[in-house]
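Residue numbers (the working numbering), protein chains in the order written: chain Z, 184 to 313; chain V, 184 to 313. Below is one structure, written out as structure tokens; comments come after it.
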DNA sequence: GCCGCATATAAGTCTTGACTTATACGCGAG
DNA sequence: CTCGCGTATAAGTCAAGACTTATATGCGGC
């Protein structure tokens with residue numbers, strides 16, 4: 184998942200956000216925004232744009248001397264899928280965990296410490312989160 | 184979106200994948216996997232686990248002398264939401280841009296300014312850069 | 001209490017990559 | 001053709017952070 188290496192940089196994330204809300208933006212426009220928000224130079228932005236381009240996050244269209252950038256959906260969808268898969272596995276595990284707990288909570292008291300060689304087979308309590 | 188800074192590292196991504204598919208794993212188990220796949224040492228993995236912990240990606244449970252790690256869904260969901268929002272904006276803004284670029288390669292003729300539509304007027308900025 | 005195992009932290013090194021300035025490239029105007 | 005503007009690339013510097021070795025902490029067994 185190379186995509187997350189690209190998304191790891193806050194400047195690049197912000198550039199993508201701007202492209203998302205604006206639809207398309209010229210390189211100059213993006214430079215202006217990044218300069219205002221991060222205080223970085225034109226070449227710095229251009230290098231970020233190259234990374235985004237090579238990772239397929241954006242497309243470029245030439246409009247006269249200007250380069251107009253637009254967001255591409257596919258890499259975003261791919262990253263989203265990776266996250267969703269993780270969560271899928273996670274909730275699946277949580278479900279079976281809760282099922283087992285609901286079934287055997289009474290019958291199963293603490294039975295650990297007789298088998299130090301094995302990995303933990305199940306959780307003692309379901310981790311509640313938001 | 185601090186979450187993406189965490190997900191930016193391939194070792195951490197792999198640790199999360201393992202946790203997702205295994206349900207829970209002891210620190211030692213994760214060390215073994217990371218050592219095998221990346222050839223890194225125990226402290227290296229421990230430091231990655233700290234990052235994951237502090238960002239809320241995992242929970243830790245003490246089982247005797249062992250630390251048992253498990254995935255948390257919330258940060259994943261949050262990152263997923265950020266991506267989905269971007270894609271939402273993007274598809275909402277859907278112009279002929281994407282399709283034109285995808286198949287307009289053979290006809291390498293760009294008719295500029297046939298599109299008076301002002302989708303991206305913010306390209307110009309009044310100030311000159313230093 | 002003492003020892004050993006599982007894990008975490010400390011301290012230091014080294015690589016990655018984000019930034020800088022300087023320069024090259026391409027296009028439209030005159 | 002030449003100039004100027006917009007953008008990309010080159011080359012070099014610097015800092016973040018991922019890794020190392022060495023050491024501290026905490027728990028269970030004896």
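Just so it is clear, CB atoms sit at the ideal spot from N, CA and C, and this is done for glycine as well. Because the structure is a prediction, the values reported are computed rather than measured.
For the segment 200 to 221 of chain V, the beta-carbon criterion of a distance under 9 Å to any beta-carbon of chain Z is satisfied by 200, 202, 203, 204, 205, 206, 207, 208, 209, 211 and 212. Between residue 237 of chain Z and chain V, the shortest Cβ-Cβ separation is not below 9 Å. Note on residue 258 of chain V: 16 or more other CB atoms within 10 angstroms of its CB, so buried under the neighbour-count rule. If you draw a straight line from the Cα of residue 207 of chain V to the Cα of residue 190 of chain Z, it comes to about 27 Å. With fewer than three CB-CB distances shorter than 8 Å, the segment 245 to 255 of chain V does not count as touching the segment 264 to 273 of chain V. About 6 Å separates the Cβ atoms of residue 187 of chain V and residue 262 of chain V, confirming a contact at the 8 Å cut-off.
The beta-carbon of residue 232 of chain V is placed no less than 9 Å from the nearest beta-carbon of chain Z. Taking C-beta separations shorter than 7 Å and ignoring five residues to either side along the sequence, the partners of residue 265 of chain Z in its chain run 184, following chain order. In the DSSP annotation of this structure, the continuous segment of the beta strand (DSSP E) that includes residue 246 of chain V starts and ends at 241 to 246. Distances from the CA of residue 247 of chain Z to each of Z:193, Z:210 and Z:239 were compared; the closest alpha carbon is that of Z:210. For residue 226 of chain V, the closest Cβ of chain Z is not nearer than 9 Å.
In this structure, residue 225 of chain V places its C-beta atom within 9 Å of the C-beta atom of residue 214 of chain V. Counting every other CB atom within 10 Å of its CB across the protein chains shown gives residue 195 of chain Z a total of 16 or more, marking it as buried. In summary, residue 222 of chain V is exposed, with fewer than 16 beta-carbon neighbours lying within 10 Å of its beta-carbon over all protein chains present. A straight-line Cα-Cα distance of about 36 Å links residue 202 of chain Z and residue 228 of chain V. Contacts with chain Z at 9 Å (Cβ-Cβ) include residue 190 of chain V. Using a Cβ-Cβ cut-off of 9 Å, residue 254 of chain Z counts as an interface residue toward chain V, since at least one Cβ of chain V sits closer than that to its own. For residue 204 of chain V, the uninterrupted alpha helix (DSSP H) run begins and ends at 193 to 205, by DSSP.
Per DSSP, the beta-bridge partners of residue 209 of chain Z are Z:251.
For residue 237 of chain Z, the enclosing alpha helix (DSSP H) has its first and last residue at 225 to 237. The alpha-carbon of residue 193 of chain V is positioned some 29 Å away from that of residue 204 of chain Z.
Contact note: residue 274 of chain Z reaches chain V through 256, using a C-beta cutoff of 9 Å and chain order. Short of 7 Å from the beta carbon of residue 234 of chain Z, and not among the five residues preceding or following it, lie these beta carbons of its own chain, in chain order: 189 and 195.
Beyond the five residues adjoining it in sequence on each side, residue 239 of chain V comes within less than 8 Å, by CB distance, of 255, 257 and 258 in the same chain, given in chain order. Under a 10 Å Cβ-count criterion, residue 217 of chain V is classified as buried, with 16 or more other Cβ atoms of the shown protein chains found around its own Cβ.
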